[in-house]
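The opening residue of the sequence shown carries number 62 in the numbering used here; numbering runs sequentially from there. Ideal Cβ positions, reconstructed from N, Cα and C, are used throughout, including at glycine.
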Amino acid sequence: MTLPKIKINGIKQILGVISGKGGVGKTFIASNLAISLAKLGKSTGLFDADISYPNVFKILGLRSKTIPTADNKIIPIEKYGIKIVSMAGLLNQEDEPITWRGPIMSKIIQQLLRTAVWRDLDTLIIDFPTGSSDCVTTIFQNFAVDGVIVITTPQQLSLLYAKRTINLCETLQVPVVGVVENMRGEIFGEGGASSLAETYRLPILGSIPMRKQISAFCDQGIPPVLQMNELEMIFTKMARFLIR
Numbered sequence: 062m063t064l065p066k067i068k069i070n071g072i073k074q075i076l077g078v079i080s081g082k083g084g085v086g087k088t089f090i091a092s093n094l095a096i097s098l099a100k101l102g103k104s105t106g107l108f109d110a111d112i113s114y115p116n117v118f119k120i121l122g123l124r125s126k127t128i129p130t131a132d133n134k135i136i137p138i139e140k141y142g143i144k145i146v147s148m149a150g151l152l153n154q155e156d157e158p159i160t161w162r163g164p165i166m167s168k169i170i171q172q173l174l175r176t177a178v179w180r181d182l183d184t185l186i187i188d189f190p191t192g193s194s195d196c197v198t199t200i201f202q203n204f205a206v207d208g209v210i211v212i213t214t215p216q217q218l219s220l221l222y223a224k225r226t227i228n229l230c231e232t233l234q235v236p237v238v239g240v241v242e243n244m245r246g247e248i249f250g251e252g253g254a255s256s257l258a259e260t261y262r263l264p265i266l267g268s269i270p271m272r273k274q275i276s277a278f279c280d281q282g283i284p285p286v287l288q289m290n291e292l293e294m295i296f297t298k299m300a301r302f303l304i305r
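Spelled out as structure tokens, the structure:
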């Protein structure tokens with residue numbers, strides 16, 4: 062018997078950003094997409110589901126601590142018009158290692174999602190950890206995720222992992238909204254996501270070029286979507302597609 066999945070109070074829809082391979086820019090896309098949705102007038106939250114290696118705070122330039130309330134509720138930190146919850150806000154220092162095993166991390170991730178005071182959100186974007194870890198399956202099997210975006214680079218190895226990720230979502234009956242190709246250019250090539258999208262009959266939501274400025278802004282904790290017209294156009298188009 063399959064138990065009904067949890068719908069979080071005050072959240073109209075949950076959208077995941079996921080990848081099979083690390084280092085493809087998943088957190089960069091999740092955070093800049095959340096900001097783009099907020100700029101279009103949608104109340105948006107961002108949940109960093111990577112418990113072991115949380116980096117949403119780093120990429121958004123956040124140094125605040127998340128202090129639980131007296132009744133153990135989590136108040137999201139607000140910046141750039143979005144509400145943010147990450148394990149990084151609960152650590153004593155940003156390089157503190159986390160050594161919990163899978164079952165404990167699964168319990169923590171459920172607790173963070175359910176105790177956060179999101180209030181009224183049009184969309185909660187979940188920045189998933191890489192691959193098919195316990196944290197990924199915990200969210201998919203327990204929470205009502207309305208859809209996911211799969212991130213890949215154009216290179217063949219990344220595309221292979223993206224295929225595995227799409228197949229995982231199909232197995233767990235989680236809808237895949239579309240594919241985003243990141244780091245397009247001389248190093249990784251371009252157009253690789255086209256065959257992936259064609260095979261699975263999915264739209265390509267965006268193709269993001271590799272630019273030195275993107276890395277520089279992320280290292281400074283500044284969202285590139287607020288600084289680069291080229292990226293603003295790509296992410297705004299992506300956000301409008303998701304709103305439709």
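Candidates the options, of which the one nearest residue i by Cα
i	options	result
R272	L292, I283 and T260	L292
T297	L229, Q154 and L266	L266
S80	D188, G250 and I120	D188
I275	A149, Q288 and R162	Q288
L233	S113, S268 and F201	F201
T199	V178, T191, M166 and I212	M166
Boundaries of the alpha helix (DSSP H) in which residue i is found, first to last residue
i	result
S183	Ser is not the amino acid found at residue 183; the sequence shown has Asp there. Premise fails: D183 lies in the beta strand (DSSP E), L182 to D188, not in any alpha helix (DSSP H).
T260	G253 to Y261
V117	V117 to I120
K224	Q217 to T232
Three-state class that DSSP yields for residue i in the structure shown
i	result
E139	strand
R301	helix
Q172	helix
I128	coil
P270	strand
S147	strand
I265	strand
F278	helix
Residue i, enclosing beta strand (DSSP E) - first and last residue
i	result
N93	It is not in any beta strand (DSSP E) - N93 instead sits in the alpha helix (DSSP H) that spans K87 to K100.
Q202	Run containing Q202: none in the beta strand (DSSP E); it sits in the alpha helix (DSSP H), D195 to N203.
- Stretch pair the segment 173-182 + the segment 76-93: three plus CB contacts closer than 8 Å: no
- Message: With a threshold of 8 Å, are at least 3 pairs of Cβ atoms found where one atom belongs to the segment 210-226 and the other to the segment 137-157?
- Response: no
- Message: Taking 8 Å as the cut-off, does the segment 127-140 touch the segment 200-207 (at least 3 CB pairs, one atom from each stretch)?
- Response: no
- Query: Okay, do the segment 238-248 and the segment 72-88 touch, 3+ Cβ pairs below 8 Å being the bar?
  - Reply: yes
- Message: Measuring CB atoms only, is the segment 252-265 touching the segment 100-115, in the sense that at least three cross pairs come out at less than 8 Å?
- Response: The segment 252-265 makes no contact with the segment 100-115; the number of CB pairs closer than 8 Å stays below 3.
- Task: Indicate whether the contact test is met: 3 or more Cβ pairs, each with one atom in the segment 114-124 and one in the segment 162-178, closer than 8 Å.
- Result: Taking 8 Å as the limit for Cβ pairs, the verdict is that the segment 162-178 does not touch the segment 114-124.
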